[in-house]
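Once you know that position 94 of the sequence shown is 94 in UniProt numbering, the rest is easy, because the numbers rise by one and skip nothing. Reviewing the structure listed below.
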Amino acid sequence: MRIATWNINGIKARIELLVTWLAQEKPDIVVLQEIKTIDEGFPRAEIEALGYNIETHGQKSWNGVAILSLLPFDEVSRGLPGDDADEQARLIEGVFSVETGAIRVCGIYLPNGNPVDTEKFPYKLSWMKRLETYVEGRLALEEPFVLLGDFNLIPAPIDAHDPAAWWGDALYRPESLERWRTLVNLGLTDALRATTSESAYTFWDFQAGAWRRNAGIRIDHLMLSPQAADRLEDVIVHKDVRGWDKPSDHVPVEGRFSF
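Rendered as structure tokens:
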């Protein structure tokens, strides 16, 4: 089974890019971030024509997440519990039946947190705290659980072309890394780091020739429960997609599993 994440950076602007990639790669499940549309505005027809079932958690102009799946959905849930006042669309989860039982796939768009001297950084940290509680509950189920998406977190120096240039940014500073370590220590496996010790970037800014210079960072992650990690076979970063016409600044990251 192939499960992928992709921050699409505007579904309407990238629909041709997405459809081309889906037709070429045919992943079983894809979670998208930054769809930047309400549910009713999501361009379903082109994707459904490829055989995908679609569930969205949209928001006008900002944020928004979705799951595309060749498998039917058994369950769908939307939104991160813990703050009834939080209206930002940043989490969607689906449960799917497979030959080995059921798998739970949760796509997230974790807050960026910049600028750090505004309310955006405390919101990032509090969102991560709520995510920890959520993940604890999911791990208690002792089932294959894949938490993936744009985490807006650089876990280690190897995950940035120029770590010093990023230090102090909301993506790479002590408070953010502390929350990351707490999340990992709940019992999650960083899928890419379980398969390679080499650097691999998933985001290249549109500014300053970052793609040309390979000045990237790794902020899109697949985090696995023990039951999912046991089934992991490989992780593929589809770096070539960043060089396509009208690309997102992120590329798809795919986990391959023996489900």
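No residue lacks a Cβ here, since even glycine has one placed at the ideal position from N, Cα and C.
Between the alpha carbons of residue 205 and residue 107 lies a gap of roughly 22 Å.
Boundaries of the beta strand (DSSP E) harbouring residue 145: 145-150, taken from the DSSP string. Counting C-beta pairs closer than 8 Å gives fewer than three between the segment 13-23 and the segment 74-91, which falls short of the contact rule.
Residue 143 and residue 78 have their alpha carbons spaced roughly 19 Å apart.
With 16 or more other Cβ atoms inside 10 Å of its own Cβ, residue 256 counts as buried. One Cα belongs to residue 61, the other to residue 5, and the distance between them is close to 20 Å. DSSP, reduced to helix, strand and coil, places residue 178 within a helical segment of the structure shown.
In its chain, beyond the 5 residues on either side, 68, 69, 70, 71, 72 and 73 have a beta carbon closer than 8 Å to the beta carbon of residue 53.
Along the length of the segment 34-84, whole beta strand (DSSP E) runs at least 3 residues long occupy 53-57, 65-69 and 75-78, reported in chain order.
Contact between residue 11 and residue 36 holds: their C-beta atoms lie close to 7 Å from each other, under 8 Å. With fewer than 16 other CB atoms across the displayed protein chains lying within 10 angstroms of its CB, residue 246 is exposed. For residue 258, there is no enclosing beta strand (DSSP E), as DSSP marks it with neither H nor E. Residue 49 counts as exposed, since fewer than 16 other beta carbons sit within 10 angstroms of its beta carbon. Annotation: residue 203 is outside any alpha helix (DSSP H) and is labelled neither H nor E by DSSP.
In the DSSP annotation of this structure, the continuous segment of the beta strand (DSSP E) that includes residue 4 starts and ends at 2-7. The C-beta separation of residue 180 from residue 155 comes to about 6 Å, placing the pair in contact by the 8 Å criterion. Where residue 108 is concerned, the enclosing beta strand (DSSP E) starts and stops at 101-109. Shown here, residue 184 sits in a helix according to DSSP, grouped into three states.
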